[in-house]
Amino acid sequence: MKKESRRTTNNDKQANGRLFGMIFYFLMALMFIWFAVRFAQIGLIKHVNHVNLRSRAAKIYSEKQVIHAKRGVIYDANGNALAQDTNRYTVYAVLDHRQKTPGGRPLYVTNKERAAKVLSKYLNISEDKAYQTLNPHKKTFQVEFGNAGANLSIRKMKQIRSAHVNGLHFLAMPARQYPQGEFASQLIGLATPKNNKAGQTTLVGQLGLENVFNKQLTGQNGYQTGKHDVYGYRVNQSRGGIPAKNGDNVNLTLQSHPQQMLETQLNNVEKQTKSLSMMGIVMDAKTGKIIAATQRPDMYSSTPVWRNMMVQDTYEPGSTMKVLTLAAAIDSGHFDPDATYNSGEWTLGGGKITDWVQTGWGAITYRDAFYRSSNVGFAHIEQNMGSKIWHSYIHKFGLLKPVNVWGMNQESNGFTTFKGSLTQANTAYGQGITVNVMQMMQAFSAVANNGKMMKPYFVKSVTEPNGKVIKKGHPQQVGKPIKASTAKQVRKMMVGVVEDQHGTGQAYKIDGQHVAVKTGTAQIGTAHGYENGPTSYVYSVVGMAPVNKPRYVVYLVMRQPQKLPQAAEVELASIFKPLMSYLIQRQKVGSSARQGLVKLSDYRHRNANKVRNELSSKRLQPVVIGSGSKVQKQSLPAGKKVMVNSRVILYTGGTIKMPSLTNWSQADVVRLGRMIGIKVKAHGSGFVSEQSIKENSTVHLGQTLTVKCKPR
């Protein structure tokens with residue numbers, strides 16, 4: 001029995017072992033089949049858990065490098081760069097002795113005494129302070145030098161680098177350069193570096209044109225892709241990507257020389273008078289094109305102002321408003337220049353209106369009221385005209401509503417209650433109503449332009465980097481508030497302000513010229529009435545010339561001068577007279593030049609020497625660049641009309657020798673750079689006085705030419 005029981009047990013064990021073995025082999029077979037199927041699946045479709053293995057592997061052996069787009073350039077009418085990209089640098093010193101090149105050369109500071117000496121020479125830091133920074137108490141990988149070592153220019157960076165100090169390195173950051181400084185700085189605005197969501201540093205417009213056209217100026221970054229092998233070596237044939245699209249350029253109507261004159265003269269008067277603010281603007285009356293415009297304070301002042309006062313600030317214009325009141329009275333048939341009234345003071349609507357000479361001049365004509373700038377006289381003119389008629393002309397002239405100048409934002413409309421006879425009469429001489437500068441310029445254009453009111457503009461065009469025009473500014477008539485005959489009468493009266501013995505504008509007389517002028521003085525208004533005292537006034541002047549067919553309107557505003565070494569009109573005349581004299585003279589020269597315009601032909605594929613002789617015979621200045629015999633490119637297009645003495649550059653290919661650029665305009669230098677493939681950097685404005693590539697030197701593609709310019 002026991003033996004049989006043992007045999008049965010052994011048999012059961014053997015049976016169980018065979019069963020377990022069969023199950024084990026079966027499971028192993030299933031696992032093998034599953035792995036085989038899975039490997040086949042991965043090999044064929046390259047996906048695991050919704051992850052594309054082919055893509056993942058490619059990423060491991062791929063690299064992607066961002067190509068940063070250049071921000072567009074802002075140019076003046078002469079082709080001078082007013083805002084352009086550059087880099088600013090932060091210097092840092094590596095102290096970790098493990099940092100070396102593959103060849104073993106130290107990348108850390110090896111001579112701290114010399115490093116401190118070099119840094120103190122070029123930075124606003126003492127040698128002792130620099131040395132202390134280079135010797136921190138704790139073990140440090142690298143150190144920086146605070147504000148003294150940050151925001152460095154390219155020039156400063158190169159000076160430090162030229163000393164060849166081991167361990168000093170530089171971190172480059174994109175920055176915006178404004179080569180002309182305070183040249184229309186409030187219009188140009190400001191762009192500053194900011195980090196985007198991807199952690200990249202880009203320039204973002206904060207103020208002015210930089211802000212208004214930020215999207216167009218910014219452009220689009222591109223990228224460059226490449227692959228490397230398992231050892232990290234780049235596979236050159238695998239390179240691809242998308243090129244960066246540089247930002248669009250903004251071209252302005254501001255002209256270099258009148259703008260510089262206005263900036264300089266305004267600076268001089270501001271320093272002498274300590275005025276709280278000043279504004280100056282020059283406009284082409286025929287087109288509305290702004291030729292020059294500036295303000296003080298600006299972003300470069302000791303107490304900077306960050307707003308564009310020409311549209312964001314409003315003020316009571318004072319007696320320059322009498323130009324518009326006179327125009328309305330003449331146009332509506334309510335002005336008799338020979339009628340008389342009693343000057344000095346007049347009680348109206350529960351208040352008193354007084355002249356700036358409170359005793360007045362006795363009984364005078366309304367013609368004299370304009371010459372002498374009598375408030376009482378213009379209160380009578382407004383009453384004779386009627387408040388409804390006068391109010392309608394206020395709106396016809398575009399006051400109290402936005403001008404919407406392209407490129408200027410956050411405009412203030414101005415205000416008047418226009419309630420009650422006293423307030424209504426006050427507006428006739430520029431009190432009790434607020435305006436902005438652009439509203440006044442638009443209104444003055446109707447007087448200068450024989451009734452046609454032109455909208456001011458200062459953006460000439462927005463163009464792609466290749467020059468293709470995307471959008472263009474253009475002359476725009478926005479109304480005709482007065483007749484041409486009215487405008488002529490008003491200008492004739494404005495001449496009397498300068499030339500009549502009683503006129504308030506005698507300080508603005510220009511020898512040998514007739515100019516139409518109106519002066520203005522307004523008290524500073526507050527919530528509690530008008531301020532009193534010698535510093536509580538806004539002084540202004542508007543002038544137009546030539547009188548018969550005005551081309552230019554000049555408007556100057558000086559608010560609350562704290563010092564007056566001489567009369568306010570004399571101070572403003574020191575800006576007005578040289579500026580207007582220059583504009584009149586330029587107009588004469590321009591009229592003569594237009595009689596000698598030359599139309600250019602297509603000179604490509606023609607013999608360069610023959611083309612040079614042909615252009616010289618037409619009183620042009622041909623410049624042949626290159627060693628070839630035939631013209632390949634020309635700086636100015638066929639069909640363009642240019643003035644005699646204009647420079648025409650002819651490119652023939654081959655070896656390029658740098659010509660003498662002395663007295664070349666910046667625009668011509670920029671054209672040269674584009675033609676021969678070199679970079680141009682200009683400092684200053686006007687005409688070339690120095691050049692970095694010497695005359696007759698061989699020029700190479702991609703070389704950088706730096707020129708210094710100054711007015712003639």
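Per UniProt numbering, residue 1 is the first one in the sequence shown, and the count goes up by one each step.
Backbone N, C-alpha and C fix where the C-beta goes; we use that ideal spot for every residue, glycine too.
These numbers were taken from a predicted model, which means no experiment stands behind them.
Check your understanding: How long is the line joining the alpha carbons of Leu636 and Leu324, rounded to whole angstroms?
Key -> Taking the sequence shown and counting its residues from 1, the one referred to as residue 636 is at position 636. Taking the sequence shown and counting its residues from 1, the one referred to as residue 324 is at position 324. Their Cα atoms are separated by approximately 44 angstroms.
Review point. Taking the alpha-carbon positions, what's the Ile482 to Met453 distance?
Key: Along the sequence shown, read from residue 1 onward, the residue named residue 482 stands at position 482. Along the sequence shown, read from residue 1 onward, the residue named residue 453 stands at position 453. Taking the straight line from one Cα to the other gives about 9 angstroms.
Review point. For His164, does the count of other Cβ atoms within 10 angstroms reach 16, so buried, or fall short, so exposed?
Key: Here residue 164 is taken as the residue at index 164 of the sequence shown, counted from 1. Answer is exposed; the Cβ neighbour count stays below 16.
Practice item. Using 10 angstroms around the beta-carbon of Thr101, count the other beta-carbons present and answer buried if the total reaches 16, otherwise exposed. Key: As a working note, residue 101 is residue 101 in the sequence shown. Burial call: exposed.
Check your understanding: Residue range of the alpha helix (DSSP H) that Met441 falls in?
Key -> Within the sequence shown, residue 441 is the residue found at index 441, counting from 1. Unbroken alpha helix (DSSP H) run through Met441: 437-448.
Practice item. Compute the distance between the beta-carbons of Val495 and Lys509, then report whether it is under 8 angstroms. Key: By one-based count along the sequence shown, residue 495 stands at place 495. By one-based count along the sequence shown, residue 509 stands at place 509. Not a contact, by the Cβ cut-off of 8 angstroms.
Check your understanding: Going straight from the alpha carbon of Gly167 to that of Ala116, what length do you get?
Key -> If you number the sequence shown from 1, residue 167 lands on position 167. If you number the sequence shown from 1, residue 116 lands on position 116. Distance between the alpha carbons of Gly167 and Ala116: 12 angstroms.
Exercise for review: Assign His683 to one of three DSSP states: helix, strand, or coil.
Suggested key: Within the sequence shown, numbered from 1, the residue matching residue 683 stands at position 683. In this structure, His683 counts as strand in the three-state DSSP scheme.
Practice item. Give, in chain order, every unbroken run of the beta strand (DSSP E) that is at least 3 residues long and sits entirely within the stretch 215-297. Key: 222-228, 234-242, 249-252, 277-284, 290-296
Point to revise | Ile74 beta carbon less than 8 angstroms from that of Leu252 | key: The residue you call residue 252 lines up with position 252 of the sequence shown. The residue you call residue 74 lines up with position 74 of the sequence shown. The answer is yes: Cβ separation under 8 angstroms.
Check your understanding: Of all the beta strand (DSSP E) runs that stay within the bounds of the stretch 92-171, which reach a length of 3 or more residues?
Key -> 142-144
Review point. When the distance is taken between beta carbons, is Pro179 closer than 8 angstroms to Ala81?
Key: Numbered from its first residue, the sequence shown carries residue 81 at position 81. Numbered from its first residue, the sequence shown carries residue 179 at position 179. Result yes, Cβ atoms of Ala81 and Pro179 sit closer than 8 angstroms.
Practice item. Determine the closest residue to Val250 out of Gln560, Leu600, Gln513, Gly473, with distance taken between C-alpha atoms. Key: Numbered from 1 along the sequence shown, position 250 holds the residue referred to as residue 250. Looking at the Cα atoms, Gly473 is the closest of the given residues.
Practice item. For my contact list, Leu190 and Leu207 are in at a C-beta cut-off of 8 angstroms; report their separation, rounded to the angstrom. Key: Mapped onto the sequence shown, residue 190 falls at position 190. Mapped onto the sequence shown, residue 207 falls at position 207. Yes, they are in contact, since the Cβ atoms of Leu190 and Leu207 sit about 5 angstroms apart, within 8 angstroms.
Exercise for review: Out of Asn111, Gly149, Thr110, state which residue places its alpha-carbon closest to the alpha-carbon of Ser120.
Suggested key: As a first step, residue 120 must be located in the sequence shown, where it is residue number 120. Considering only alpha carbons, the answer is Gly149.
Check your understanding: Using the beta-carbon count (16 or more within 10 Å), is Trp356 buried or exposed?
Key -> Taking the sequence shown and counting its residues from 1, the one referred to as residue 356 is at position 356. Trp356 should be labelled exposed.
Point to revise | 8 angstroms contact criterion, which Leu579 and Val541 should meet: CB distance rounded | key: In the sequence shown, the residue the question calls residue 579 occupies position 579. In the sequence shown, the residue the question calls residue 541 occupies position 541. No, Leu579 and Val541 are not in contact; Cβ-Cβ is about 11 angstroms, not under 8 angstroms.
Review point. Under 8 angstroms, do Met310 and Asn413 count as touching if we go by C-beta distance?
Key: Translated into the one-based positions of the sequence shown, residue 310 becomes position 310. Translated into the one-based positions of the sequence shown, residue 413 becomes position 413. It is not a contact, given that the beta carbons lie outside the stated cut-off.
Practice item. Please report the Cβ distance between Leu650 and Arg612, rounded to the nearest whole angstrom; I am assuming they are in contact, meaning their Cβ atoms lie under 8 angstroms. Key: Position 650 of the sequence shown, counted from the start, is the residue given in the question as residue 650. Position 612 of the sequence shown, counted from the start, is the residue given in the question as residue 612. About 7 angstroms separates the two Cβ atoms, so the contact holds.
Exercise for review: Please go through the stretch 497-539 and give each complete beta strand (DSSP E) segment of 3 or more residues, from N-terminal end onward.
Suggested key: 516-523
Check your understanding: In whole angstroms, what is the alpha-carbon distance linking residue 713 and Pro534?
Key -> Any property of residue 713 remains undetermined from this structure, which presents the chain solely from 1 to 712.
Exercise for review: Have a look at Ile676, Gln666, Thr698 and flag the residue whose alpha-carbon is nearest the alpha-carbon of Lys710.
Suggested key: For the purposes of this step, residue 710 is taken as the residue at position 710 of the sequence shown. That would be Gln666, whose Cα lies nearest to the Cα of Lys710.
Practice item. Please go through the same chain and pick out, in chain order, the residues whose beta-carbon is closer than 6 angstroms to the beta-carbon of Ala484, but skip the five residues on each side of it. Key: As a first step, residue 484 is located in the sequence shown; it is residue number 484 there, counting from the start. Taken in chain order, the residues that qualify are Asn450, Gly451.
Check your understanding: In three-state DSSP terms, what is Gln703?
Key -> The residue given as residue 703 occupies position 703 in the sequence shown. If DSSP states are grouped into helix, strand and coil, Gln703 belongs with coil.
**Study point:** Residue nearest to Val462 in terms of C-alpha spacing, selected from Met261, Asn268, Ala77
**Key:** Walking along the sequence shown from the start, residue 462 turns up at place 462. Residue Ala77 is the option with its Cα nearest to Val462.
Check your understanding: Residue range of the beta strand (DSSP E) that Leu564 falls in?
Key -> Stepping through the sequence shown from its first residue, residue 564 is reached at position 564. Element bounds for Leu564: n/a, residue is neither H nor E.
**Study point:** Ile60 in three-state terms, based on DSSP
**Key:** Position 60 of the sequence shown holds residue 60. The predicted model places Ile60 with a pLDDT of 49, which falls under 50 and marks its position as unreliable, so this point remains unresolved.
Check your understanding: Per DSSP, which one or two residues make a beta bridge with Asp85?
Key -> Along the sequence shown, read from residue 1 onward, the residue named residue 85 stands at position 85. Paired residue(s): Arg176.
Exercise for review: Inspect the beta-carbon positions of Trp361 and Arg372 and report whether they are closer than 8 angstroms.
Suggested key: What you label residue 361 is simply residue 361 of the sequence shown in a count that begins at 1. What you label residue 372 is simply residue 372 of the sequence shown in a count that begins at 1. Yes, they are a contact pair.
Exercise for review: Indicate whether Ala522 and Gln431 have their beta-carbon atoms separated by less than 8 angstroms.
Suggested key: Within the sequence shown, numbered from 1, the residue matching residue 522 stands at position 522. Within the sequence shown, numbered from 1, the residue matching residue 431 stands at position 431. For Ala522 and Gln431, yes; Cβs fall inside 8 angstroms.
Review point. Can the beta-carbon of Thr175 be found less than 8 angstroms from the beta-carbon of Asn87?
Key: As a first step, residue 175 must be located in the sequence shown, where it is residue number 175. As a first step, residue 87 must be located in the sequence shown, where it is residue number 87. Strictly speaking, residue 175 in this sequence is Ala, with Thr absent from that position. Contact: yes.
Review point. In whole angstroms, what separates the C-alpha of Arg155 from that of Tyr89?
Key: As a first step, residue 155 is located in the sequence shown; it is residue number 155 there, counting from the start. As a first step, residue 89 is located in the sequence shown; it is residue number 89 there, counting from the start. Taking the straight line joining both Cα atoms gives about 10 angstroms.
Review point. From what residue to what residue does the beta strand (DSSP E) around Ser302 run?
Key: Stepping through the sequence shown from its first residue, residue 302 is reached at position 302. Where Ser302 is concerned, there is no enclosing beta strand (DSSP E), given that its DSSP letter is neither H nor E.
Check your understanding: Alpha carbon to alpha carbon, how far is Val680 from Gln84?
Key -> As a working mapping, residue 680 is identified with position 680 in the sequence shown. As a working mapping, residue 84 is identified with position 84 in the sequence shown. For Val680 and Gln84, the distance between alpha carbons rounds to 12 angstroms.
Check your understanding: Helix, strand or coil: how does DSSP classify Thr427 here?
Key -> Residue mapping note: residue 427 aligns to position 427 of the sequence shown, counting from 1. Reduced to three states, the DSSP call for Thr427 is helix.
Practice item. Using only alpha-carbon positions, find the residue among Ala448, Gln506, Leu254, Pro465 that is nearest to Lys480. Key: For this step, residue 480 is matched to residue 480 along the sequence shown. Lys480 has its Cα closest to that of Ala448, out of Ala448, Gln506, Leu254, Pro465.
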